[in-house]
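First up is the structure itself, then whatever we jot down about it.
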Amino acid sequence: MSIADISEDRLGGRRESERTPPHDLLAEQSTLGGMLLSGDAVADVVESLRSSDFYVPKHELIFEAILSLYSHGEPTDVIAVTDELIKTGDLQRAGGADYLHSLTSIVPTAANAGYYASIVRERALLRRLVEAGTRIVQMGYNGQGDALDLVNNAQSEIYSVTGAEQTEDY
């Protein structure tokens, strides 16, 4: 059996290329909402998350604005982040001021922002695993080069997923 022969049942009724990458929209929104409500939440999150961990591009922009303000000792509330996004020209791409305000009403409590961030980080790790797996599949189908070299390259791809998690300095 080849990968092309995998039945639709095993893929949940959809082809592999049609699947949505792992992410948790509510966890992303709650992480940001908590950060907008509490400087303590920002401190909890900045050590464990990076902007590229967000699946939704506007969440990445909002996170970067919060980090910029936080690193300069500025407040990270909705007003300050809105102003920062205006200054960088990213407010509309970040969903606008109304979206920022909605994030604070979505989050159940700012005290759990660190937990929500761990969900975001886990989904990001899964996305990187899917991306590495896709590259490995492409290597196998291309079949260019020695098979053992391809296996070594595949191992490097997997290490790039886990190694980045173990060695990266947040």
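No gaps in the numbering here: position 54 of the sequence shown is 210 in the working numbering, and each next residue is one more.
Cβ atoms here follow ideal geometry from the backbone N, Cα and C, with glycine treated the same way.
C-alpha distance - residue i paired with residue j, whole-angstrom precision
{"i": "residue 317", "j": "residue 303", "result": "22 Å"}
{"i": "residue 199", "j": "residue 177", "result": "28 Å"}
{"i": "residue 309", "j": "residue 288", "result": "11 Å"}
{"i": "residue 315", "j": "residue 209", "result": "18 Å"}
{"i": "residue 214", "j": "residue 247", "result": "9 Å"}
{"i": "residue 295", "j": "residue 226", "result": "42 Å"}
{"i": "residue 242", "j": "residue 279", "result": "29 Å"}
{"i": "residue 134", "j": "residue 203", "result": "Lying before the first or after the last residue shown, residue 134 is absent from the chain, which here runs from 157 to 326."}
Pair within 8 Å by beta-carbon distance, residue i and residue j
{"i": "residue 306", "j": "residue 237", "result": "no"}
{"i": "residue 275", "j": "residue 180", "result": "yes"}
{"i": "residue 259", "j": "residue 182", "result": "no"}
{"i": "residue 250", "j": "residue 197", "result": "no"}
{"i": "residue 195", "j": "residue 244", "result": "no"}
{"i": "residue 293", "j": "residue 257", "result": "no"}
{"i": "residue 201", "j": "residue 273", "result": "yes"}
{"i": "residue 264", "j": "residue 186", "result": "yes"}
Supposed contact pair residue j and residue i - C-beta distance, whole angstroms, cut 8 Å
{"i": "residue 211", "j": "residue 240", "result": "Residue 211 to residue 240, Cβ: 22 Å. No contact."}
{"i": "residue 205", "j": "residue 277", "result": "6 Å"}
N- and C-terminal bounds of the alpha helix (DSSP H) containing residue i
{"i": "residue 261", "result": "252 to 262"}
{"i": "residue 298", "result": "269 to 298"}
{"i": "residue 219", "result": "213 to 227"}
{"i": "residue 185", "result": "181 to 193"}
{"i": "residue 205", "result": "Residue 205 -> no alpha helix (DSSP H), and no H or E assigned at all."}
{"i": "residue 230", "result": "Careful: residue 230 lies outside any alpha helix (DSSP H) and carries neither H nor E."}
Residue-level contact to chain B via CB, residue i, 8 Å cutoff
{"i": "residue 220", "result": "Going by chain labels, chain B is absent from the structure shown, which holds only one protein chain."}
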